[in-house]
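Chains as they are written, first to last, in the working numbering: chain A, 1 to 267; chain B, 1 to 315. For reference, the structure discussed in these notes is given below.
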Amino acid sequence: MEKKSIKKARILKNEALTPKIYEMILETGKISETIPGQFINLYCKDGSRLLPRPISICEVDEKSGNFRLIYKVLGKGTEEFTSLSINEEIDYLGPLGSGFTLETTDAAVKKNAEYKEILIIGGGVGVPPLLELSKRLKGKKRVLLGFETESILVEDFKKVAAEVSVATTTGTEGIKGTVMDLLEQREYMPDQIYSCGPKGMLKAVQTWARERNIPSELSLEERMACGIGACLVCTCKTKEGPHEADWNYQRVCKDGPVFNGEEVMFE
Amino acid sequence: MRNGGKRPDMAVKISGVELKNPVMPASGTFGSGKEFDEYLDLNRLGMVVTKGVADVPWKGNSTPRVAETYGGMLNSVGLQNPGIHHFIREDILFLEGYDTKIMVNIAGRSIEEYVRVVRALQNQPVDFLELNISCPNIKEGGVAFGTDVDMAYQVTKKVKEAAKQPLIVKLSPNVTDIVAVAKACEAAGADGISLINTLLGMKMDIKTRRPVLANTFGGLSGPAIKPVALRMVYQLAKEINIPIIGIGGIATWEDALEFILAGATAVQVGTANFRNPRAMIEIIEGLESYLKEENIDGIEELIGAGHESKEENPC
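This is how it looks when you write it as structure tokens:
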């Protein structure tokens with residue numbers, strides 16, 4: 001069996017979408033099987049920044065295998081990425097992690113294609129991986145997106161979803177408020193929820209889904225080191241049984257980043 | 001031409017056990033190898049060193065457990081592990097399928113806890129034990145044993161009495177006199193010393209104005225600590241008569257060679273595995289090429305070679 005290793009990708013695009021959020025397209029030269037919700041490790045050229053930066057995959061081009069990434073500038077490493085020029089090469093590893101479960105959804109869709117209603121809820125830089133998910137999911141998709149001031153990817157979602165609603169906390173786009181305010185605006189009763197975004201938002205989505213007995217899948221974010229499940233720094237708490245004390249740590253990078261919404265324990 | 005184009009001998013011996021080469025992962029950076037199986041051939045490693053295991057499951061510390069620093073990283077995992085019985089069922093069974101040696105890293109909060117783990121391993125197909133008395137991330141035990149000469153002696157002695165396999169004691173750099181601690185372990189019967197574990201450190205988040213790590217302090221690893229580690233290996237090499245396994249910021253074959261020249265019989269690669277899952281393979285190949293180019297028959301010739309006829313200058 002051929003062993004996996006760090007590969008080089010050529011940068012085809014690296015542009016600011018907002019002052020802090022960038023879009024990067026990587027030419028990988030090969031098609032790898034990618035599940036929505038997975039991420040890749042991107043490596044800094046400056047060796048003093050040792051650790052890879054895990055960046056979620058926003059879209060995969062079916063024909064070329066190219067990755068579209070959306071990343072936020074959060075520190076020196078992501079700042080370095082913004083300085084990379086077109087045609088420059090960057091090291092990456094992946095796709096990594098366990099993504100959303102399309103299979104069960106597809107099976108469910110086959111059984112009940114007309115009525116499957118899916119609610120996709122994204123916040124901030126949690127929004128990008130939901131685009132590839134929206135592309136691949138069948139059924140009737142409604143998308144709720146929340147941002148601080150400026151939205152991203154709204155037009156892309158409109159191409160693949162039945163409905164797209166936007167909320168911004170400043171009120172500059174869509175309604176003034178959060179995705180939870182969008183949820184309250186009308187009576188949603190989806191068959192399945194998928195969500196990715198900040199912890200506070202995911203916790204609210206989890207509670208909302210639980211109260212209505214709707215299955216959910218949540219994609220989490222945590223500081224990582226290796227990205228391949230070895231170092232145990234990016235753990236999250238998950239339920240292991242009916243009692244308070246029945247919990248365990250799972251690895252966000254390997255067992256996740258996508259978890260069954262029923263299992264995740266937010267602190 | 002001494003070796004006439006033959007493949008150089010990469011094997012080294014520790015306590016009578018031959019390793020096919022001197023390169024192995026540092027405990028806690030490699031799980032038990034399963035996660036790396038898709039990135040490298042475990043059969044090529046001199047040894048696999050497993051993540052620290054205690055007598056019962058430990059959940060570890062809260063997150064964030066990691067922070068990057070200049071040329072290094074801090075971790076405060078806190079020895080999360082599934083306990084020795086689960087470990088034997090899953091991890092040893094997995095590793096048995098490979099043609100490499102196995103060293104199990106042992107964690108504990110008390111001498112009794114360490115001894116329980118060692119007893120459970122007595123009849124297991126394990127080649128070495130590595131006694132972790134240097135983890136800075138747990139409150140009781142751990143590093144408390146590694147920073148006190150008498151306690152280091154006591155725990156090494158008790159564990160050695162229960163051990164069926166050669167015992168390597170992994171030491172902390174967070175001490176005033178590393179030589180005294182190592183000598184105590186040697187006197188208590190240790191078969192080897194591995195060092196260094198991480199250096200205690202911290203990082204502040206200037207936005208939240210709070211420590212980044214949930215545990216406040218964590219262990220610093222990576223290239224940033226290499227000079228300190230190398231100095232300690234060099235210091236010990238002159239003072240003790242048991243083999244030393246060098247650890248600390250090794251990311252390239254050149255780094256590994258520096259440790260061997262300083263007196264290490266073998267080396268452990270830690271944080272570098274996080275940046276490049278194939279780092280150890282590249283180090284093994286690099287060392288082998290070096291021996292070939294330099295016409296050196298075997299790597300053992302280089303162990304401690306950096307000490308020869310060097311004048312001491314204790315400024």
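We put the CB at the ideal spot given by N, CA and C, even for glycine. Just so it is clear, the structure is predicted and the values come from calculations on it, not from any experiment.
Proximity test, Cβ basis, 7 Å: residue i and chain A
| i | result |
| --- | --- |
| Glu68 of chain B | yes |
| Tyr39 of chain B | yes |
| Gly201 of chain B | no |
| Phe217 of chain B | no |
| Thr50 of chain B | no |
| Arg275 of chain B | yes |
| Gln268 of chain B | no |
| Glu35 of chain B | yes |
| Gly222 of chain B | yes |
Counted within 10 angstroms of its Cβ, other Cβ atoms place residue i as buried (16 or more) or exposed
| i | result |
| --- | --- |
| Met1 of chain A | exposed |
| Lys8 of chain A | exposed |
| Leu93 of chain B | exposed |
| Gln38 of chain A | buried |
| Gly200 of chain A | exposed |
| Gln122 of chain B | exposed |
| Val56 of chain B | exposed |
| Thr207 of chain A | exposed |
| Leu74 of chain A | exposed |
| Ile57 of chain A | buried |
| Gln280 of chain A | Look at the range of chain A in this structure, 1 to 267, and you will see that residue 280 of chain A is not part of it. |
| Ile206 of chain B | exposed |
| Gly256 of chain A | buried |
| Met204 of chain B | exposed |
| Glu15 of chain A | exposed |
| Met1 of chain B | Unreliable placement is indicated for Met1 of chain B, whose pLDDT of 45 sits below 50; the coordinate value is still reported in the next sentence. Counting Cβ neighbours within 10 Å, Met1 of chain B comes out exposed, since fewer than 16 surround it. |
| Pro173 of chain B | buried |
| Thr172 of chain A | exposed |
| Pro190 of chain A | buried |
| Lys160 of chain B | buried |
Min CB distance residue i to chain B below 7 Å
| i | result |
| --- | --- |
| Val125 of chain A | no |
| Ile228 of chain A | yes |
| Ser48 of chain A | yes |
| Leu51 of chain A | yes |
| Ala225 of chain A | yes |
| Glu27 of chain A | no |
| Glu222 of chain A | yes |
| Asp255 of chain A | no |
For residue i: DSSP bridge partner residues
| i | result |
| --- | --- |
| Phe274 of chain B | According to DSSP, Phe274 of chain B bridges with nothing at all. |
| Phe67 of chain A | A:Leu26, A:Val60 |
| Asp191 of chain B | Answer by DSSP bridge pairing: none, since Asp191 of chain B is not bridged. |
Listed by chain order, chain A residues near residue i by CB distance under 8 Å
| i | result |
| --- | --- |
| Tyr77 of chain B | According to the sequence displayed, residue 77 of chain B carries Val and not Tyr. Going along chain A in sequence order, the residues near Val77 of chain B (Cβ under 8 Å) are Cys231, Leu232, Val233. |
| Phe316 of chain B | Within the shown structure, residues of chain B are numbered from 1 to 315, placing residue 316 of chain B beyond reach of any answer. |
| Gly71 of chain B | Gly47, Ser48, Leu50 |
| Arg65 of chain B | Arg223, Leu232, Val233, Cys234, Thr235 |
Whole-Å CB distance - residue i paired with residue j, under 8 Å assumed
| i | j | result |
| --- | --- | --- |
| Ala251 of chain B | Ala279 of chain B | 6 Å |
| Asp181 of chain A | Ala204 of chain A | That belief does not hold up - the Cβ atoms of Asp181 of chain A and Ala204 of chain A are roughly 11 Å apart, past 8 Å. |
| Ala225 of chain A | Val233 of chain A | 5 Å |
| Thr50 of chain B | Asn105 of chain B | 6 Å |
| Ile225 of chain B | Leu199 of chain B | 6 Å |
| Ile40 of chain A | Tyr92 of chain A | 5 Å |
| Ala11 of chain B | Lys20 of chain B | 6 Å |
| Phe217 of chain B | Ser76 of chain B | 7 Å |
| Leu45 of chain B | Met24 of chain B | 6 Å |
Interface partners of residue i on chain B, CB under 7 Å
| i | result |
| --- | --- |
| Ser5 of chain A | Tyr39, Arg278 |
Under 9 Å from the C-beta of residue i: neighbouring residues of chain A
| i | result |
| --- | --- |
| Asn241 of chain B | Those within 9 Å of Asn241 of chain B in chain A number zero; the least Cβ separation is about 34 Å. |
| Asn226 of chain B | This sequence places Lys at residue 226 of chain B; Asn is not what is there. Correct list: empty, because the minimum Cβ distance to chain A is about 12 Å. |
Heavy atom of the ligand COA within 6 Å of residue i beta-carbon
| i | result |
| --- | --- |
| Gly222 of chain B | With respect to the ligand COA, the structure offers nothing, as it holds no ligand at all. |
Residue i: contacting residues in chain B (beta-carbon distance under 8 Å)
| i | result |
| --- | --- |
| Tyr249 of chain A | Lys59, Gly60, Gln80 |
Under 7 Å by beta carbon: chain A residues contacting residue i
| i | result |
| --- | --- |
| Thr271 of chain B | Leu50 |
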